[in-house]
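Right, one structure below, let's go through it.
Number of protein chains: 2
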Amino acid sequence: MKLKVRNLPIGTGDVVVAVLRDKDATRLDLLPADRVLLKYGHKQVVATVDIIGRVNGATKKDHKKKFICCGEVGLFLEAQYVLGTKSGDVIEIFSEKKPASISYIKKKLEGQRLNKGELYAIIKDITDRNLSETEITYFVAACYLNELSMTEITYLTHAMVNTGNVLKLPQRIVVDKHCIGGVAANRTSMLIVPILAAAGLTVPKTSSRSITSAAGTADTVEVLCPIVFTLSEMKHIVHKVGGCLVWGGAMSLAPSDDKIIQVEHPVSLDPTGQLLASIMAKKKSVGATHVLIDIPVGRGAKITDMKHAETLKQKFNELGRRLGMKIAVIITDGSQPVGNGIGPSLEARDVLWTLKNSSRGSILLKEKSIKMAGIILELTKKVPKGKGINLAREIFESGKAYEKFVQIITAQGGKEIRPDQLRMAKKSYLFTAWKAGTVTHVDNGIMNKIARIAGAPHDQEAGVYLFCHKGTIVRRGDKLFTIHSDNPERLKYAIEIAKKTSGFEIG
Amino acid sequence: MKLKVRNLPIGTGDVVVAVLRDKDATRLDLLPADRVLLKYGHKQVVATVDIIGRVNGATKKDHKKKFICCGEVGLFLEAQYVLGTKSGDVIEIFSEKKPASISYIKKKLEGQRLNKGELYAIIKDITDRNLSETEITYFVAACYLNELSMTEITYLTHAMVNTGNVLKLPQRIVVDKHCIGGVAANRTSMLIVPILAAAGLTVPKTSSRSITSAAGTADTVEVLCPIVFTLSEMKHIVHKVGGCLVWGGAMSLAPSDDKIIQVEHPVSLDPTGQLLASIMAKKKSVGATHVLIDIPVGRGAKITDMKHAETLKQKFNELGRRLGMKIAVIITDGSQPVGNGIGPSLEARDVLWTLKNSSRGSILLKEKSIKMAGIILELTKKVPKGKGINLAREIFESGKAYEKFVQIITAQGGKEIRPDQLRMAKKSYLFTAWKAGTVTHVDNGIMNKIARIAGAPHDQEAGVYLFCHKGTIVRRGDKLFTIHSDNPERLKYAIEIAKKTSGFEIG
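The listed protein sequences correspond, in order, to chains U and S. So for the first sequence, this note's numbering puts the first residue at 1; every next one is plus one. So for the second sequence, this note's numbering puts the first residue at 1; every next one is plus one.
In structure tokens form, the structure reads like this:
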């Protein structure tokens, strides 16, 4: 069937969409979400169909002028760019079969195991934008409810790696680390990477931006230097200084993962199989051979019970073995924020103070990072068992880690800056202890929320600064935390929320 | 935040959508699928957010002219019609919480039972277009994988009924029937409704159009008379002639069902709980007190094994009991098409021949319909047990059923027409037996497919006509079936397909 193009000013950023009027769709025997092949000269593209009917309340004239009419096809940006059409051009439309991967998704929904080829087909079609959001949603739901076996997770990981870019480094040993999210101010990567690189290891670290927390590692590093690089630029930086702290989002490392995360968001799902594959695929994509996984556990963290953490630990170990990687997994205290600052600039300042061994640095952040770096040093056999933590501490306290950190941010196009030179929001509001006692809880979720309402991470200078952690003995009126924000409305709203539930408990 | 409206020429027919540029979304701390409140003067509406980024390959000028820019908001038709905006108007945007029903969907995904209020909230939000396709998809997947309990199915059915229109009839007894789909030429409703109405019962029958078969009851009735009515028009017809055969799609009876079916389509899912609730909600909505459910079973049907059919039967009985309805369930032979014609006009002609007791009528269709009508007559206690089939046969063979049928189509605005006056496609192609033997299989799925390729149901006159059924003894060269289509390309393609797999087996 031939239809006249109407270019639409919107895109999905993803799947190619063509909009048809109901009558034309009927003629082609199409239902919503069916596929069509669009042909314009020698160019062609497969699109998913959106079908629109008569608009209630619209006149015939309205229809003709404003909306997609019979005989017309509305093209989203993605289709326009492949076909090179102008409004008014005539293109041909044919109905097209659905991708085979949909039948594999159905199979998984029905509780059957998927083989290597089937999982690859699904991930390839997600990567190539051949599956709609609804179809990907069924895949995620199926994996949530019919848990993936270890074999399936291994295939899934390989499929994610093989449908994206891969970093190839000459080194025999390449180290990496990952922390399961949910804990505020947990910026260990910014300390561990320089320690390991200073010890002579290769650490091509990629990080993500915050999705629902007050700052991701990428957001925090960005306060100090650029973080968006191509894969070859990243390779160059790692070659030069031994490590990097870049944003993983622009390099197409296991790119299917981003789309899967996108459909998980509306109901905040995170099936274990996908979590494992997602993390390990990113590590495999940068060529990591030795990896440390940190699972923070506790009230207010993503993982709240120890049994769940232990199961996850076993699965990481098993998946690492199957992928031919050396894995260490630690379960850490996730029941409160690690550093003091929460929000990009506040966290960046913490990192700098800590790396410079300043008394204003965060002891919790320092000790956790040294411990984790030590484990990686032992995992790579750089030092004998039991000696890792000593080497890590020596590198840290001697200033070599700070020196390496400066090299890394300089290699990424930043400059050395004194922590007190970093700009913070000028307006703040102090919360003090309402009674004397011991701090018994500082809630990650609530602190993240307050910092986000204050403006973090988009407003780098906004956030929360903690004066004490769990176990601190306070007198009435002692400082607990401040909220920072230069946006008066946001500050006011954050204060209101914090007055209701501050996230602090004093026992 | 204030943004300038750009009215877009498309709609979803469903959820209200607003399109923002990525930078504006960031400023509002929004992710795709988050909700916003749009305010224009005194009017307001909650919309789901679509976020678009910079378009690869587009120039700055392109962006400004063609696409949604920073400071702009693109409104789909649904939002335009509620707010009454013109392009260029300025509206206010606020971020809005997600509906609580999303947390109930999550709960179901996690395997927990939902209570009455939670299921109502989900169905209400589906009906009111507050849930996106992805969110509804999670609900369907959750119900598929964590099967709904009988209590949940009952709540779900009530919720579907209570969020739509309801037909209120004065009669104490209102009868209805439903057949689980998948069997071709299964037009029993068009015979059963007149038999029952002629017996003095009230039969407010609604039917659906075909989705994936060659004709639904609504498509077939439409060959003879109008089928689209409002609820009060339907009530008037039933009042006048005791029954009707109308399309259920336009009357908002259990309307959430249509949206659920829409997200089931991409992966052809049909969770048992939803199937039960969907069918029984439609029956409850028209006020049915006595209902017969037909479950056809066999190779090529929707339900292929007897055990599954028996389970379903039990569940229908149980659900009927809980809804306070009298239910009979029969399991019938679904291993081949029932009538001879497949396609709207061919099926309508079969119905007329059969109702007129013509020798060209379908014996299978007649006998199945008389049996089913008999069961309903007994269920209502209109006749004693064992006497239903006799009364049904008497009404049928005396011509009273045909007379009532003419009354019904006349009441719906049609006219009596002789079966041989119905227009059929002029071009046809005959398939004959390639060997002597007994017909051992006529495949529903393949016959539906051939008839659809020939043009059915959108081309009413196209389809397939069967000259024999299972058990017929044929000589080589005997007529098996003809394909009818006036579209040469479609006819050619249907013949090609049928030559590969005709759906007939001769043993």
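Ideal Cβ placement from N, Cα and C applies to all residues, glycine included.
Exclusion of the five residues before and after residue 383 (chain S) leaves 377, 391 as the residues of its chain whose Cβ lies within less than 7 Å of its Cβ.
The straight-line gap separating the alpha-carbon atoms of residue 213 (chain U) and residue 443 (chain S) is approximately 56 Å. By the CB criterion at 7 Å, residue 126 (chain U) and residue 256 (chain U) fall inside the cutoff.
Residue 293 (chain S) is a Cβ neighbour of residue 329 (chain S), given a cutoff of 7 Å.
In the three-state scheme derived from DSSP, where H, G and I count as helix and E and B as strand, residue 244 (chain S) is classed as strand.
Assignment of beta-bridge partners to residue 430 (chain S) by DSSP yields S:482. DSSP places residue 112 (chain S) in the coil class of the three-state scheme, outside both helix and strand. Flagged as an interface residue toward chain U: residue 263 (chain S), by a C-beta distance shorter than 7 Å. For residue 473 (chain U), same chain residues with a beta-carbon under 7 Å away, outside a window of 5 residues either side, are 438 in chain order.
Residue state for residue 265 (chain U) is assigned as helix, using DSSP reduced to three classes. Under the 8 Å Cβ criterion, the stretch 240 to 259 of chain U counts as touching the stretch 199 to 219 of chain U, having at least three qualifying pairs.
In the DSSP assignment, residue 179 (chain U) is bridged to U:294. C-alpha of residue 9 (chain S) to C-alpha of residue 21 (chain U): approximately 12 Å in a straight line. Under the 7 Å criterion on CB atoms, residue 10 (chain U) is classed as interfacial with respect to chain S. Put simply, the backbone Cα of residue 133 (chain S) is about 9 Å away from that of residue 14 (chain S). Under the three-state reduction of DSSP output, residue 206 (chain S) falls in the strand class. A residue is called buried when at least 16 other Cβ atoms come within 10 angstroms of its Cβ; residue 244 (chain S) meets this threshold and is buried.
Taking the Cα positions, residue 455 (chain U) is about 17 Å away from residue 422 (chain U).
Identification of chain S residues near residue 256 (chain U) by a Cβ-Cβ cut-off of 8 Å yields none; the smallest Cβ-Cβ distance measures about 17 Å. In terms of Cβ geometry, residue 435 (chain S) and residue 506 (chain S) form a close pair [threshold 7 Å].
Against residue 164 (chain S), chain U offers no close residue; the least beta-carbon distance is about 17 Å (beta-carbon pairs closer than 9 Å). Using a Cβ-Cβ cut-off of 7 Å, residue 75 (chain U) does not count as an interface residue toward chain S, since no Cβ of chain S sits closer than that to its own. Residue 418 (chain U) sits exposed, since fewer than 16 C-beta atoms from the chains shown fall within 10 Å of its C-beta. What residue 304 (chain U) touches in chain S, judged by beta-carbon distance under 9 Å, is nothing: the nearest beta carbon there is about 14 Å away. Just measuring C-alpha positions, the residue of U:3, U:124, U:154 sitting nearest residue 165 (chain U) is U:124. Residue pairing for residue 412 (chain U): DSSP places it in no beta bridge.
Here residue 475 (chain S) carries a coil assignment [DSSP, helix/strand/coil]. For residue 467 (chain U), no beta strand (DSSP E) encloses it, and the DSSP letter there is neither H nor E. The continuous alpha helix (DSSP H) containing residue 193 (chain S) extends over residues 189 to 198.
About 6 Å separates the Cβ atoms of residue 35 (chain S) and residue 98 (chain S), confirming a contact at the 8 Å cut-off.
Going by beta carbons, residue 361 (chain S) and residue 354 (chain S) fall inside the 7 Å limit.
For residue 7 (chain S), the enclosing beta strand (DSSP E) stretches over residues 2 to 7. In the DSSP assignment, residue 51 (chain U) falls within the beta strand (DSSP E) that extends over 43 to 52. Annotation note: the stretch 122 to 158 of chain U contains the following uninterrupted alpha helix (DSSP H) runs of length 4 or greater, listed N- to C-terminal: 133 to 145. Here residue 227 (chain S) is not near residue 215 (chain S), since their CB atoms are 7 Å or more apart. Between the alpha carbons of residue 196 (chain U) and residue 381 (chain U) lies a distance of about 13 Å.
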